[in-house]
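See below for the structure under consideration.
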Amino acid sequence: MKQWFVLTALAAVSIGAQAQTYPGNKPVSIVVPFTAGGPTDRVARDLAEAMRKQIPGSNFVVENAAGAGGTIGATKVAKANPDGHTLLLFHIGMAATPALYRKIAYKPLEDFEFLGMVNDVPMTLIGKPQLPANTYRDFENYIRSNAGKLNIAHAGLGSASHICGLLWQSSLQTKDAMTTIPFSGTAPAMTALIGGQVDVMCDQTTNTTSQIESGRVKAFAVTTAKPLAGHPVLKHYPSLQEMGMKNFNLTIWHGLYAPKGTPAAITKTLNDALKKALKDPEFIKKNEGLGALVVTDNRTDPTEHKKFVAAEMVKIKTAVDAAGKYAD
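According to the numbering used here, the stretch in the sequence shown is residues 4 to 331, in order.
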């Protein structure tokens, strides 16, 4: 009994020491599985700055490891030393890649410690300016009456625009009504849409708001459960739920993860720092500038975030399997 008590006490001291010394003099890398300059990269850089404030003496840096719809960066973190110095910031692709890539080298729910959700980024359904429709209902009718003649662009396999397009078409029940046109990034896809080379795209408010405001593209609906009443530009557009798509609620959320096996004391330190960072007025303001909404509900809790991702995985897999179009 005495020996058990001593061992328990030593373990408690060890865990406490880990929390007190972490992260030491070594920088903490937040791996972004996409190229520099994109929406996820911008969120990561703002988050790194906010996290630095919460853990005295820490140095959070961003590392880009792009490719294969985010799976290269995610694999890098899954296989990293679980010492809290290599983290992953991933968007909804965390839930989508297992459906799109059937041979990835990691399992999202098993190979990571979930640290909490960061933000939600609403999506907007947009079309080329030449489309003969000005409301969502007219737009939907136009698609149905021109099945097989239109196309929908996305920024690459596993991208936010790809996932949004898949889920929207699945809810619309218009399989093969539009030809999918992949691009190597949001910028060329948006350029093609503005120029009228493609017909439709679903993308983050981060990328669409200025184009809508300038009249370069037409907007038809937002993908959140309710209209974005407080948004200066998008408040004028309905949600897809309002338009009859029951339970349609899609945001391109971002979550923070560590390799499986990262000590509990370190994951607690990181989760505590994340929760404080999400209340940082400067971080909130920067997110608003990106068209993102900082998470304020229980998804900042690791367990709740994991439940949420598991549910998203089921939803996305159903849509991908129905489309029958995979990345591998």
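In this text, a Cβ means the ideal position worked out from N, Cα and C, and glycines have one as well.
Computed from a predicted model, the values in this text were never measured in an experiment.
When DSSP labels each residue in this structure, what does residue i get in the three-state scheme?
| i | result |
| --- | --- |
| I129 | strand |
| P185 | strand |
| T254 | strand |
| G278 | Looking at the sequence itself, residue 278 is Lys, so the reference to Gly does not match. It is helical. |
| E116 | strand |
| S213 | helix |
| A190 | helix |
| N144 | helix |
| L273 | helix |
| L296 | strand |
| N149 | coil |
| N122 | strand |
| L13 | Because L13 sits at a pLDDT of 43, beneath the cut-off of 50, its placement in the model cannot be relied upon, and the following sentence gives the value as read from the coordinates. Helix. |
| Y329 | coil |
| F8 | At F8, the pLDDT of 47 sits below 50, so the modelled position is not reliable and the matter cannot be decided from this model. |
| I18 | Caution is warranted here: a pLDDT of 47 is assigned to I18, below 50, making its placement in the model unreliable, and the coordinate value is therefore given only provisionally. Reduced to three states, the DSSP call for I18 is helix. |
Where do the ends of the beta strand (DSSP E) carrying residue i lie?
| i | result |
| --- | --- |
| Q207 | V203 to Q207 |
| H157 | L153 to H157 |
| A136 | Neither: A136 is in no beta strand (DSSP E) and is coded neither H nor E. |
| V225 | K221 to V225 |
Could you say which of the options lies nearest to residue i if we only look at CA atoms?
| i | options | result |
| --- | --- | --- |
| Y104 | T254, N62, F286 and A77 | A77 |
| A228 | F93, V124 and H88 | V124 |
| A252 | K278, A268, K238 and A224 | Checking the displayed sequence, the identity of residue 252 turns out to be Asn instead of Ala. For the residues K278, A268, K238 and A224, the minimum Cα distance to N252 belongs to A224. |
| G292 | S242, T303, V236 and K249 | V236 |
| L259 | P59, L170, L231 and D304 | D304 |
| S174 | G161, E143, V34 and G96 | E143 |
| V80 | P284, T211 and E116 | E116 |
| Q200 | G96, L153, A261 and E216 | L153 |
| V31 | V323, E216 and L90 | L90 |
| K282 | E315, L50, V35 and P26 | L50 |
| G27 | I269, I319 and H234 | I269 |
| L160 | G72, V35, K279 and S61 | G72 |
| T299 | F63, K56, P42 and V121 | V121 |
| S187 | I215, A47, Q133 and G70 | G70 |
| N137 | K309, H239, V317 and S162 | H239 |
| P185 | I197, T226 and S164 | S164 |
| K271 | G119, P36 and K29 | G119 |
| K56 | L273, H234, T127 and G233 | L273 |
| K278 | R45, H308 and G151 | H308 |
| I197 | Q207, A180 and I215 | I215 |
| G233 | L296, T100 and I146 | L296 |
| K320 | A261, S162 and P101 | P101 |
| I155 | D141, S148, A180 and I75 | A180 |
| G87 | H257, F311, K29 and K310 | K29 |
| L170 | V220, N250, E113 and Y145 | N250 |
| K131 | I75, N67, A83 and S217 | S217 |
| A261 | N84, T74 and A330 | N84 |
| T254 | A276, G264, K221 and F311 | F311 |
| F93 | F37, M126 and Q172 | F37 |
| I58 | M126, A276 and Q176 | A276 |
| N67 | K82, V46, R45 and A39 | A39 |
| N290 | E113, V35 and V46 | V46 |
Which residues bound the alpha helix (DSSP H) around residue i?
| i | result |
| --- | --- |
| A163 | A163 to L175 |
| K263 | No alpha helix (DSSP H) holds K263; DSSP gives it neither H nor E. |
| V323 | P305 to A326 |
* Asked: Does the region 103-116 come close enough to the region 190-205 that 3 or more CB-CB pairs lie under 8 angstroms?
  -> no
* Along the chain, which unbroken stretches of the alpha helix (DSSP H) at least 4 residues long are found entirely within the region 32-102? -> 42-57 and 74-81
* To do: Say whether the region 61-69 touches the region 39-53, bearing in mind that this needs 3 or more beta-carbon pairs closer than 8 angstroms, one atom from each stretch.
  => At 8 angstroms Cβ cutoff, the stretches touch.
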